[in-house]
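Structure record follows, encoded as structure tokens.
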Amino acid sequence: MTWQECRDTSLQKLFQCYNGPDEDEATLRYLAAMPAAANEGIALLCAARPLRGVAELPEGTLEADLGSLAADYGGMGQPEVFCTGGGRLSRVEGWALLGGRMLQLPQGVPGRVLVGYDRTPPRLNDPKPEDRLELAEDAAVLLPLYIASQLYKDEDLGLATLYRNEFELGLDRLTAPPPGVAGDRFVSTSGWCG
5 MTWQECRDTS LQKLFQCYNG PDEDEATLRY LAAMPAAANE GIALLCAARP LRGVAELPEG
65 TLEADLGSLA ADYGGMGQPE VFCTGGGRLS RVEGWALLGG RMLQLPQGVP GRVLVGYDRT
125 PPRLNDPKPE DRLELAEDAA VLLPLYIASQ LYKDEDLGLA TLYRNEFELG LDRLTAPPPG
185 VAGDRFVSTS GWCG
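Numbering (our numbering), first residue to last: 5 to 198.
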């Protein structure tokens with residue numbers, strides 16, 4: 005979703021007859037307040053559906069501050085620590101995370117180490133209409149509801165509450181996507197295989 009699509013959808017919720025860029029004084033007032041409300045909504049949406057990133061550690065690294073490696077580091081989230089040694093991506097066992105950001109690896113991890121982490125959402129300061137919002141599509145469609153609920157409180161508290169309730173219902177329905185392939189080995193614990 006682009007910022008233009010988000011802002012137009014928000015304005016359609018505020019002004020049922022809004023059809024486009026004709027901007028009067030009331031519309032301009034709402035447009036000026038939208039980025040702040042959008043930043044709040046994006047933070048709530050990213051708490052339910054985190055943005056993921058990957059930090060790469062050089063070969064031989066035993067300890068790394070993930071917050072220094074990735075400027076947008078917002079926490080480990082779903083633990084993902086893999087190495088590239090042996091010609092394939094393999095899960096690293098025996099690592100530890102201290103203080104939510106200091107990663108300690110065991111001796112002898114082959115190749116580079118790749119660490120999945122939750123990114124902090126980018127802030128909208130002066131968004132351009134063509135800017136894409138970094139949200140999953142099913143989360144992005146909820147953002148105009150949040151914006152409308154925040155901006156319409158002074159005009160129509162009942163409608164603002166309705167929009168906020170719709171947002172919260174959608175937020176509850178957001179489910180985290182599968183974490184991806186964590187490994188590809190099969191182990192028979194009962195001995196029925198092999």
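We put the beta carbon where it would ideally sit given N, CA and C, even for glycine.
Would you kindly work out how many angstroms separate the C-alpha atoms of residue i and residue j, rounded to a whole number?
i    : j    : result
P126 : E138 : 8 Å
L175 : P114 : 41 Å
A36  : A143 : 23 Å
L109 : E67  : 6 Å
G45  : I151 : 7 Å
Y156 : T6   : 22 Å
T165 : A140 : 24 Å
R116 : D76  : 20 Å
T179 : A52  : 7 Å
T31  : N43  : 19 Å
E134 : G112 : 47 Å
K132 : R177 : 30 Å
L93  : C87  : 6 Å
In this structure, what does DSSP give as the bridge partners for residue i?
i    : result
E141 : E141 pairs with nothing; no bridge assigned.
E67  : Q108
E118 : Just to set this straight, residue 118 is Leu in the shown sequence, not Glu. Looking at the DSSP assignment, L118 forms a beta bridge with E60 and F86.
T6   : R136
Using the three-state DSSP reduction, which class does residue i fall into: helix, strand or coil?
i    : result
D12  : helix
Y77  : strand
L101 : strand
E60  : strand
E134 : coil
F19  : coil
R168 : helix
L93  : coil
L35  : helix
Which same chain residues, not among the five before or five after residue i, have their C-beta less than 7 Å away from its C-beta?
i   : result
D69 : R105 and M106
G90 : P114
T65 : L109 and V117
E60 : R116 and L118
Whose C-beta lies closer than 6 Å to the C-beta of residue i among residues of the same chain, with five residues either side of it excluded?
i    : result
Y167 : L149, A152 and S153
V85  : V96, W99 and V119
M80  : L101 and Y121
G78  : D122, R123 and T124
Sufficient close CB pairs (3 or more, under 8 Å) joining the stretch 44–56 to the stretch 118–133: At 8 Å Cβ cutoff, the stretches touch.
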